[in-house]
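Engineer:
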Amino acid sequence: MSWLQILWFFLLFVLFSGFFVLEGFDFGVGMSTKLLARNTSEEDQLVATIGPHWDGNEVWLITAGGAMFASYPMWYASLFSGFYIMFFIVLFGLIVRGVSFEFAAHAETKTGRNIWRWALACGSLIPPFVLGMIFTAIIQPLPITKAGNVYPTLGNQINLLTIVGGVAVTLMMLMHGLNFIRLKTTGDLRKRAREWNSKLYYLLYAGEVVFAVLLFFMTDFFKERPISTLLILVVIVGSTVAAHIGVLKDNEVLSFVGSAIGLVGVVGVIFNGLFPRVMIGQDAAMSILAKDASASPLTLTIMTIVAVILLPIALIYFIWSYVVFHKRVQAKGAVSE
Amino acid sequence: MLMAMDVLSLARFQFAMTTVFHFFFVPFSIGMGLVTAIMETLYVRKKNETYKKMAKFWGKIFLLSFAVGVVTGIIQEFQFGMNWSNYSRFMGDIFGVPLAIEALLAFFMESTFIGLWMFTWDRFKPVVHAIFIWMTWLGTTLSAIWILSANAFMQHPTGFAISQSTGRVKLVDFGAVITNPQLWVEFPHVIFGAFTTAGFAVAGMAAWRLLKKDQVDFYKKSLKVGLVVGTIASACAIGFGDLQTQFIIKDQPMKFAATEGIYKDTSDPAPWTLVELINTKDHTTSGNIEIPYLLSLLSYHKMNGSVKGMETANKELQAKYGKDKDYYVPVKTLFWSFRVMAGGGVLLFLLGFLGLWFGRKKKDTLLNQRWLLYILGFALWLPFIINTAGWFITELGRYPWVVYGLYTIADAVSPTTTAGQLLFTNICYFLIFTLLGGVMIYYSHRVLKKGPEGDLNTDYGVNSDPLAKEAFAK
Chain R
1 MSWLQILWFF
11 LLFVLFSGFF
21 VLEGFDFGVG
31 MSTKLLARNT
41 SEEDQLVATI
51 GPHWDGNEVW
61 LITAGGAMFA
71 SYPMWYASLF
81 SGFYIMFFIV
91 LFGLIVRGVS
101 FEFAAHAETK
111 TGRNIWRWAL
121 ACGSLIPPFV
131 LGMIFTAIIQ
141 PLPITKAGNV
151 YPTLGNQINL
161 LTIVGGVAVT
171 LMMLMHGLNF
181 IRLKTTGDLR
191 KRAREWNSKL
201 YYLLYAGEVV
211 FAVLLFFMTD
221 FFKERPISTL
231 LILVVIVGST
241 VAAHIGVLKD
251 NEVLSFVGSA
261 IGLVGVVGVI
271 FNGLFPRVMI
281 GQDAAMSILA
291 KDASASPLTL
301 TIMTIVAVIL
311 LPIALIYFIW
321 SYVVFHKRVQ
331 AKGAVSE
Chain S
1001 MLMAMDVLSL
1011 ARFQFAMTTV
1021 FHFFFVPFSI
1031 GMGLVTAIME
1041 TLYVRKKNET
1051 YKKMAKFWGK
1061 IFLLSFAVGV
1071 VTGIIQEFQF
1081 GMNWSNYSRF
1091 MGDIFGVPLA
1101 IEALLAFFME
1111 STFIGLWMFT
1121 WDRFKPVVHA
1131 IFIWMTWLGT
1141 TLSAIWILSA
1151 NAFMQHPTGF
1161 AISQSTGRVK
1171 LVDFGAVITN
1181 PQLWVEFPHV
1191 IFGAFTTAGF
1201 AVAGMAAWRL
1211 LKKDQVDFYK
1221 KSLKVGLVVG
1231 TIASACAIGF
1241 GDLQTQFIIK
1251 DQPMKFAATE
1261 GIYKDTSDPA
1271 PWTLVELINT
1281 KDHTTSGNIE
1291 IPYLLSLLSY
1301 HKMNGSVKGM
1311 ETANKELQAK
1321 YGKDKDYYVP
1331 VKTLFWSFRV
1341 MAGGGVLLFL
1351 LGFLGLWFGR
1361 KKKDTLLNQR
1371 WLLYILGFAL
1381 WLPFIINTAG
1391 WFITELGRYP
1401 WVVYGLYTIA
1411 DAVSPTTTAG
1421 QLLFTNICYF
1431 LIFTLLGGVM
1441 IYYSHRVLKK
1451 GPEGDLNTDY
1461 GVNSDPLAKE
1471 AFAK
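If you read the protein sequences in the order shown, they are chains R and S. Counting in the numbering used here, the first sequence runs from 1 upward without gaps. Counting in the numbering used here, the second sequence runs from 1001 upward without gaps.
1) Does the stretch 1188-1196 of chain S come within contact of the stretch 1133-1145 of chain S, defined as at least 3 CB pairs closer than 8 Å?
2) Give the DSSP-derived three-state secondary structure of residue 37/R in the structure shown.
3) Could you tell me whether any Cβ in chain R is nearer than 8 Å to the Cβ of residue 1460/S?
4) Say whether chain R places a C-beta atom closer than 8 Å to the C-beta of residue 1120/S.
5) Would you mind reading off the limits of the alpha helix (DSSP H) that contains residue 1109/S?
6) Which same chain residues end up closer than 6 Å to residue 243/R when comparing Cβ atoms and leaving out the 5 residues on each side of it in sequence?
7) If you pair each beta-carbon of the stretch 114-128 of chain R with each one of the stretch 169-184 of chain R, do three or more pairs fall below 8 Å?
8) Is it right to say residue 1303/S is buried, meaning 16 or more other beta carbons lie within 10 angstroms of its own, or is it exposed?
9) Please confirm if residue 1055/S has its CB atom under 8 Å from at least one CB of chain R.
10) Pull up the DSSP beta-bridge partners for residue 1275/S, would you.
11) Out of 292/R, 199/R, 67/R, state which residue places its alpha-carbon closest to the alpha-carbon of residue 19/R.
12) Along the stretch 280-302 of chain R, what residues have a CB closer than 8 Å to any CB found in chain S?
13) Might you give, ordered along the chain, the residues of its own chain that have their beta carbon closer than 6 Å to the beta carbon of residue 1054/S, omitting 5 neighbours on each side?
14) Starting from residue 1221/S and walking both ways along the alpha helix (DSSP H), at which residues does that stretch end?
15) When the Cα atoms are used, what is the spatial distance from residue 1062/S to residue 311/R?
16) What residues are listed by DSSP as bridge partners for residue 277/R?
17) Could you spell out the range, first to last residue, of the beta strand (DSSP E) harbouring residue 189/R?
18) Give a yes or no on whether the C-beta atoms belonging to residue 1358/S and residue 1369/S are separated by under 8 Å.
19) Can you list, in chain order, the residues of the stretch 177-197 of chain R whose Cβ is nearer than 8 Å to any Cβ on chain S?
20) Suppose the cutoff is 8 Å on Cβ atoms and the five residues either side in sequence are ignored; what does the same chain contact list for residue 224/R look like?
21) Taking only beta-carbon atoms, is residue 23/R less than 8 Å away from chain S?
22) List the endpoints of the continuous beta strand (DSSP E) containing residue 1169/S.
23) Give the straight-line distance between the Cα atoms of residue 57/R and residue 166/R, rounded to the nearest whole angstrom.
24) Pop quiz: residue 1172/S and residue 1153/S are said to be a contact at Cβ under 8 Å. What is the actual Cβ separation, rounded to whole angstroms?
25) How about residue 154/R: is its C-beta nearer than 8 Å to some C-beta of chain S?
26) Apart from the five residues on each side of it in sequence, which residues of its chain come closer than 6 Å, Cβ to Cβ, to residue 1461/S?
27) Please state the DSSP three-state secondary structure of residue 1051/S.
28) Leaving out five residues on either side along the sequence, give the residues of the same chain with a beta carbon under 7 Å from the beta carbon of residue 33/R.
29) What separation, rounded to the nearest whole angstrom, lies between the Cα atoms of residue 1404/S and residue 1166/S?
30) Can you confirm whether residue 1472/S, when its beta carbon is compared against all beta carbons of chain R, has any partner nearer than 8 Å?
31) Output yes or no for whether 8 Å exceeds the beta carbon distance between residue 1090/S and residue 1384/S.
32) Would you identify the three-state DSSP class for residue 1174/S, choosing helix, strand or coil?
33) So, are the CB atoms of residue 1267/S and residue 1276/S less than 8 Å apart?
34) For residue 1243/S versus residue 306/R, is the C-beta distance shorter than 8 Å?
35) Specify the secondary structure class of residue 1295/S as computed by DSSP and reduced to three states.
36) Sort out for me which residues DSSP pairs residue 1161/S with in a bridge.
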């Protein structure tokens, strides 16, 4: 395996982590519009926290997908065609969610507006759940043919681990979103988000333990890479504890950073356990290996040059836009605190 | 009917449906970004509040289109892997790089700056705020270069080798991929088509309001910006279309002959057929209405020269790629698409020219030409039809190849995908698109009706600017 292949495997981890962290809170805020908000004015307050950012956050997914196509075409092809219906459901969620922001702003009736807010909430709930399922399905052995085509059965797609994976990713993103709301709003919403999270963290601990146990029984991660897997799991639990302390001690930055690291840890445990494979075959000889799945060295070299130049530039204005909108959003008509 | 629905046809149908729908919003958004940016720049330079109102107003329609464009764009990226996995394996080494650059360079730019532009009208100096919309527009335009460089490769592969061990395309010269001659006739044609689309869409929408004598100053100024952009852009689109034709005659003679409905090599000089009935079985045409010399003129820019017919092109292709199949493309679709595209393009240019002529500063009688305003009003739909027709020619004219001369459409489809899955997703996409298209048109229509003073969601105390100063705590 060449260092370029390792680098791009790592960069895919970085890009998917960026997506999990950034669109993670974005999804969480979207779910919260129907969970946390009690009236339309609170819904608007929540949407305003992600209004300028959601599209940029989604670009992390598009970039991760594009980079996967570019650096690991065999992985991209096997994964997306194999989990066809699941990716379609993800798309469905992203579509209704993506248009909901604009459409809700244009709706003139209470019903019309409510439909698009529900579209936002559902469209923010479906993709994390199904992506969580896909990511936990591909760490289990799958039926793979010699040509690299994956034919997952229903049981490969829906089993205990994938359901726990889907729920865990959704829950983590919801809680990450609540932590973001605590950072970005004032008044009642901010308090309520904290109350919710002070309870939800106990549920997440349970979820993480179940996830770790299932990882032991249903994947070969503890056989193939026991130490690093264990280490990342410790990081996930540790960051969860830190985030929880942030809730209890009312330290919003600590909570947000904690839930962000937790999400990076989830992507990390998956990428770490997969390596050097990209898809795991039920017949080990059929596993798709990173060394065979990548693009040519020339393509990877050009991509590296491109990423080294363009990613920092993109990051500068991407981060700057968060600086521009760094203030808290308060409810309409509320008195400044 | 159901029996005939095999995986390949369903996947092709899906690609056609999703890209055609996506491409209603892509050129409209790229063009609307430009129109909005021009309006805001006029505000910055002339300090006339009407231009600011215009930028905000047309910006609302731009944002609606942008939103639908974004969500239908994600489908495209996923679709290559989902429905065309063998294509992705075959083309990954080439296709991935432009796609990744598109994301890193263009998508980050457009998505970040559109967010900044939407919510900071009161927070930055006008000139800085205008830069945001220009950056958004630049992002959308850059994205077109990169995705079209992938398409150009599929039309005219350059800078590659076929790998001995895998049989797949391998990148050998990235410079050759981005200097592909096909790209540099295709990109300007597409991008000016995009400006044309928005120019005439804005002009058409404004024309309807002017017919109702509504906000005359506002819509008159909007109409003029639309006409200037649309007329210049349509002239450029026609010019680059001509260059592209010159390229295709040599590069893909089958495609060109099909757009002209020619089976046998033409006489010299070649007449241009305006309309004809095509019999694809017997390779004959009837009812031809011909204009002498014109095809030679269009093809070679001179009064003589014969044009190769499809039968000759087929023989050449058989000699090159194997006699086991025919290489005929869907002739009737190409023939009529070309007439819609070229005829429509020229018509738009003439309409724009007439509009500018009647609206000239010395003797402005544009508002009295109600017939022209009516035609412009209906013509706002025409660019969308023209764009679609253009892509029909480009993509169907490549049949049976997905990558010209290298890889067929039949080989490209995902082996894992079933007809049932594709039928299901086709139905879902159709329903979703009907909904999205309907809602988008409805809300645009409402924006237009409410006019520049209209606010969004006024009943709920929310305007389009939820992050304006007063919404923030100290």
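Using N, Cα and C, we set each Cβ at its ideal position, and we do this for glycine too. Fair warning: this is a prediction, and the values are worked out from it, not measured in the lab.
Structural biologist: Let me spell this out:
1) Segments in contact, yes.
2) Here residue 37/R refers to the residue found at position 37 when the first sequence is read from its first residue. Residue state, collapsed to three classes: coil.
3) Mapped onto the second sequence, residue 1460/S falls at position 460. Residue confidence for residue 1460/S is low, a pLDDT of 35 falling below 50, so the modelled location carries little weight and cannot support an answer.
4) In the second sequence, counting from the first residue as 1, residue 1120/S sits at position 120. Closer than 8 Å to some Cβ of chain R, the Cβ of residue 1120/S qualifies, so yes.
5) In the second sequence, counting from the first residue as 1, residue 1109/S sits at position 109. Unbroken alpha helix (DSSP H) run through residue 1109/S: 1108-1119.
6) In the first sequence, residue 243/R corresponds to position 243, counting from 1. These residues qualify, in order along the chain: 255, 258, 259.
7) yes
8) Residue 1303/S sits at position 303 when you count from the first residue of the second sequence. Residue 1303/S is exposed by the Cβ-count criterion.
9) In the second sequence, the residue the question calls residue 1055/S occupies position 55. By this cut-off, residue 1055/S is not an interface position.
10) In the second sequence, counting from the first residue as 1, residue 1275/S sits at position 275. 1289/S.
11) Counting from 1 along the first sequence, the entry for residue 19/R is found at position 19. Out of 292/R, 199/R, 67/R, 67/R has the C-alpha closest to the C-alpha of residue 19/R.
12) 295, 296, 298, 299, 302
13) As a first step, residue 1054/S must be located in the second sequence, where it is residue number 54. Only 1039, 1222 meet the Cβ criterion.
14) Taking the first residue of the second sequence as 1, we reach residue 1221/S at position 221. Here the alpha helix (DSSP H) through residue 1221/S covers 1216-1251.
15) The residue given as residue 1062/S occupies position 62 in the second sequence. The residue given as residue 311/R occupies position 311 in the first sequence. Using only the alpha carbons, I get a separation of about 27 Å.
16) In the first sequence, the residue the question calls residue 277/R occupies position 277. Paired residues: 289/R.
17) Within the first sequence, numbered from 1, the residue matching residue 189/R stands at position 189. First-last for residue 189/R: 188-218, but that is the alpha helix (DSSP H), not the beta strand (DSSP E).
18) For this step, residue 1358/S is matched to residue 358 along the second sequence. For this step, residue 1369/S is matched to residue 369 along the second sequence. The answer is yes: Cβ separation under 8 Å.
19) 186
20) Locating residue 224/R in the first sequence gives position 224, counting from the first residue. So the qualifying residues of the chain are 273.
21) Counting from one through the first sequence, the residue named residue 23/R turns up at place 23. Taking Cβ atoms only, chain S never reaches closer than 8 Å to residue 23/R, which makes this a no.
22) Taking the second sequence and counting its residues from 1, one reaches residue 1169/S at position 169. Start and end: 1169-1171.
23) The residue labelled residue 57/R in the question sits at position 57 within the first sequence. The residue labelled residue 166/R in the question sits at position 166 within the first sequence. When rounded, the distance between both Cα atoms is 20 Å.
24) For the purposes of this step, residue 1172/S is taken as the residue at position 172 of the second sequence. For the purposes of this step, residue 1153/S is taken as the residue at position 153 of the second sequence. Rounded to the nearest angstrom, the Cβ distance from residue 1172/S to residue 1153/S is 13 Å, too far for a contact under 8 Å.
25) Numbered from its first residue, the first sequence carries residue 154/R at position 154. Judged by the 8 Å Cβ criterion, residue 154/R is not in contact with chain S.
26) For this step, residue 1461/S is matched to residue 461 along the second sequence. With a pLDDT of only 33 at residue 1461/S, under 50, the local geometry of the prediction cannot be trusted, and no value is derived from it.
27) Within the second sequence, residue 1051/S is the residue found at index 51, counting from 1. Three-state result, residue 1051/S: helix.
28) For the purposes of this step, residue 33/R is taken as residue 33 along the first sequence, with counting starting at 1. Counting only Cβ-Cβ distances below 7 Å, and skipping sequence neighbours, we find 43, 46, 47, 117, 120, 121.
29) Translated into positions along the second sequence, residue 1404/S becomes position 404. Translated into positions along the second sequence, residue 1166/S becomes position 166. Separation of residue 1404/S and residue 1166/S (C-alpha to C-alpha, rounded to the nearest whole angstrom) is 19 Å.
30) In the second sequence, the residue the question calls residue 1472/S occupies position 472. Interpretation of residue 1472/S is limited by its pLDDT of 41, a score under 50 that renders its predicted location unreliable; the figure taken from the coordinates is listed afterwards. So yes, residue 1472/S belongs to the interface.
31) Here residue 1090/S refers to the residue found at position 90 of the second sequence. Here residue 1384/S refers to the residue found at position 384 of the second sequence. Not a contact, by the Cβ cut-off of 8 Å.
32) Position 174 of the second sequence, counting from 1, holds the residue named residue 1174/S. Residue 1174/S falls in the helix class under three-state DSSP.
33) In the second sequence, the residue the question calls residue 1267/S occupies position 267. In the second sequence, the residue the question calls residue 1276/S occupies position 276. No, these two residues do not count as a Cβ contact at 8 Å.
34) Within the second sequence, residue 1243/S is the residue found at index 243, counting from 1. Within the first sequence, residue 306/R is the residue found at index 306, counting from 1. For residue 1243/S and residue 306/R, no; Cβs fall outside 8 Å.
35) Counting from 1 along the second sequence, the entry for residue 1295/S is found at position 295. Helix at residue 1295/S.
36) Against the second sequence, residue 1161/S aligns to sequence position 161. Answer is 1170/S, bridged to residue 1161/S.
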